[in-house]
Amino acid sequence: MLDYVRGRVVAAVPVLLGISLLAFLMLYLLPGDPVLVMLGEASLTPEQVETLRRQLGLDAPLPVQYVRYLGRMLVGDFGRSIRNQVPVIDQMAEQLPSTLELSVAGIVLATAGGVFLGLVAATHHNRWMDTVSMVLALVGVSTPSFAVGLLLIFAFALNLGWFPATGQGGLLRLVLPAVTLGAFGMGIIARLVRASMLEVLLADFVRTARAKGLPRSAVLVRHALKNALIPVVTIVGLQFGRLLSGTVVVETVFSRQGIGRLLVDSILGKDFPLVQGLVVLNAAIYVTVNLLVDISYALVDPRIRYG
Numbered sequence: 000m001l002d003y004v005r006g007r008v009v010a011a012v013p014v015l016l017g018i019s020l021l022a023f024l025m026l027y028l029l030p031g032d033p034v035l036v037m038l039g040e041a042s043l044t045p046e047q048v049e050t051l052r053r054q055l056g057l058d059a060p061l062p063v064q065y066v067r068y069l070g071r072m073l074v075g076d077f078g079r080s081i082r083n084q085v086p087v088i089d090q091m092a093e094q095l096p097s098t099l100e101l102s103v104a105g106i107v108l109a110t111a112g113g114v115f116l117g118l119v120a121a122t123h124h125n126r127w128m129d130t131v132s133m134v135l136a137l138v139g140v141s142t143p144s145f146a147v148g149l150l151l152i153f154a155f156a157l158n159l160g161w162f163p164a165t166g167q168g169g170l171l172r173l174v175l176p177a178v179t180l181g182a183f184g185m186g187i188i189a190r191l192v193r194a195s196m197l198e199v200l201l202a203d204f205v206r207t208a209r210a211k212g213l214p215r216s217a218v219l220v221r222h223a224l225k226n227a228l229i230p231v232v233t234i235v236g237l238q239f240g241r242l243l244s245g246t247v248v249v250e251t252v253f254s255r256q257g258i259g260r261l262l263v264d265s266i267l268g269k270d271f272p273l274v275q276g277l278v279v280l281n282a283a284i285y286v287t288v289n290l291l292v293d294i295s296y297a298l299v300d301p302r303i304r305y306g
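In terms of numbering that gives the first Met the number 0, the sequence shown opens at residue 0 and continues consecutively.
Okay, here's the thing in structure tokens:
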């Protein structure tokens, strides 16, 4: 088990290095002088441009710049925002809790709703409840997040008045964004749970449990569902990583503060140190979550632990 974990950690290192390199090169992939790209159309003399280039460390060769950038990043120094001169790490730390709150709420709703729909569909196979559950799952998978958000705002905020339309703070303001964010994951999980349950329900140990006279609920929950959820562990982790990127749309639609909206604002404002920091942060969270998922999957599936 320890060797497996060590191998997964080692495999994550080149991924993070590759992301950091892409984030670093982002500024140089755009046409024009990097200093002028960051500062827009500001009228600067050549002397001022050279001074800023030295201050930003852009006068050194690219390999030297990257090594310096990587060294600073490892100690949590992502530089300062071009627009307000606030350290990038401080801005990310300020907005991260809101995004994590939304992402956790989204994955909880996606998992609970997906498992429920998948269980209902599998236990009512080829009946109307199976059809309804899979139609709901299909709608969740195929409808863009911004469309889901706008429909929820129109129905439950503007017409019914049950929830606030925008903003943050309090449980009620979290419901609509969390449902919007979790709709896609709910559909994926529901379809996977249904397929996995249908396979498990035909297994010998389930037939044995039924032959022993165990209650139907005990057979479904303690035996069938427990084993059917093993492949769902991986999907939940992958969906959590996807939810982080989905916050870009959801936070914008619902006017919430967070990492996603901060990324949009920094891109529009050409605040490249902030963009670079946010890209690396999202990649680090995604890799960490998937590492934890791999470890948890090894814990629940002995074939991986000892394979």
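For every residue, glycine included, the Cβ atom is placed at its ideal position computed from N, Cα and C. Model, not experiment: these values are computed from the prediction.
With distance defined between alpha-carbon atoms, name the residue in the options nearest to residue i.
i: Phe115; options: Asp264, Asp89, Leu224; result: Leu224
i: Leu16; options: Ser295, Asn289, Asp293, Val279; result: Val279
i: Arg71; options: Thr207, Gly181, Gln275; result: Gln275
i: Thr122; options: Gly6, Leu21, Leu219, Phe23; result: Leu219
i: Glu391; options: Thr179, Ala154, Asn226, Val14; result: With the chain covering 0 to 306 only, the question about residue 391 has no answer from this structure.
i: Asp89; options: Leu277, Ile106, Asp293, Arg206; result: Leu277
i: Val231; options: Leu51, Val292, Val286; result: Val292
i: Ala307; options: Leu73, Val85, Phe77, Phe183; result: Nothing can be reported for residue 307: it is not among the residues displayed for the chain, which extend from 0 to 306.
i: Pro62; options: Pro163, Leu20, Leu262; result: Leu20
i: Phe77; options: Val286, Leu273, Val252; result: Leu273
i: Leu108; options: Arg209, Val9, Leu173, Asp203; result: Leu173
i: Gln167; options: Val252, Leu28, Ala22, His124; result: Val252
i: Val176; options: Val147, Leu95, Asp264; result: According to the sequence as given, residue 176 is Pro; it is not Val. Cα-wise, what sits closest to Pro176 is Val147.
i: Gly181; options: Gly169, Ile234, Leu118, Asp203; result: Ile234
i: Leu28; options: Leu290, Ile284, Val87, Phe271; result: Phe271
i: Ala104; options: Asn226, Asn289, Leu171; result: Leu171
i: Tyr285; options: Val4, Ile18, Val9; result: Ile18
i: Gly117; options: Ser195, Met91, Arg221, Ala154; result: Ser195
For residue i, write down the residues that DSSP places opposite it in a beta bridge.
i: Pro86; result: Arg79
What is the residue span of the alpha helix (DSSP H) that residue i lies within?
i: Asp270; result: First-last for Asp270: undefined, no H or E at that position.
i: Phe153; result: Unbroken run through Phe153: none, as it is neither H nor E.
i: Pro143; result: Neither: Pro143 is in no alpha helix (DSSP H) and is coded neither H nor E.
i: Pro60; result: Element bounds for Pro60: n/a, residue is neither H nor E.
i: Arg206; result: 203-210
i: Pro176; result: 171-199
i: Val247; result: 229-252
So residue i packs on residue j, CB below 8 Å; how close in whole Å?
i: Leu308; j: Asn281; result: Outside the shown range of the chain, which is 0 to 306, sits residue 308, and nothing can be said about it.
i: Arg7; j: Ile294; result: 7 Å
i: Val308; j: Gly240; result: One cannot answer for residue 308 here, as it falls past the ends of the chain, which runs 0 to 306.
i: Gly245; j: Ser132; result: The Cβ separation is near 23 Å, so there is no contact.
i: Ala11; j: Leu290; result: 6 Å
i: Leu247; j: Leu262; result: The sequence given here places Val at residue 247; Leu does not occur at that position. Yes, Val247 and Leu262 are in contact; Cβ-Cβ is about 6 Å, under 8 Å.
Can you find a C-beta in chain C that's less than 7 Å from the C-beta of residue i?
i: Gly148; result: In the displayed structure, chain C is absent; only one protein chain is listed.
*Is it a yes or a no for the segment 153-172 touching the segment 71-82, going by three-plus beta-carbon pairs under 8 Å?*
no
_Inter-stretch contact (C-beta, 8 Å, three-pair minimum) for the segment 208-217 and the segment 183-196_ = Counting Cβ pairs under 8 Å, fewer than three are found: no touch.
*Please confirm if the segment 247-257 is in contact with the segment 95-107, defined as three or more CB-CB distances below 8 Å between the two stretches.*
yes
_Quick test of the definition: if touching needs 3 or more C-beta pairs under 8 Å, does the segment 199-209 touch the segment 126-140?_
no
*Is the segment 56-67 touching the segment 138-149, taking contact as three or more C-beta pairs under 8 Å?*
No, the segment 56-67 does not touch the segment 138-149.
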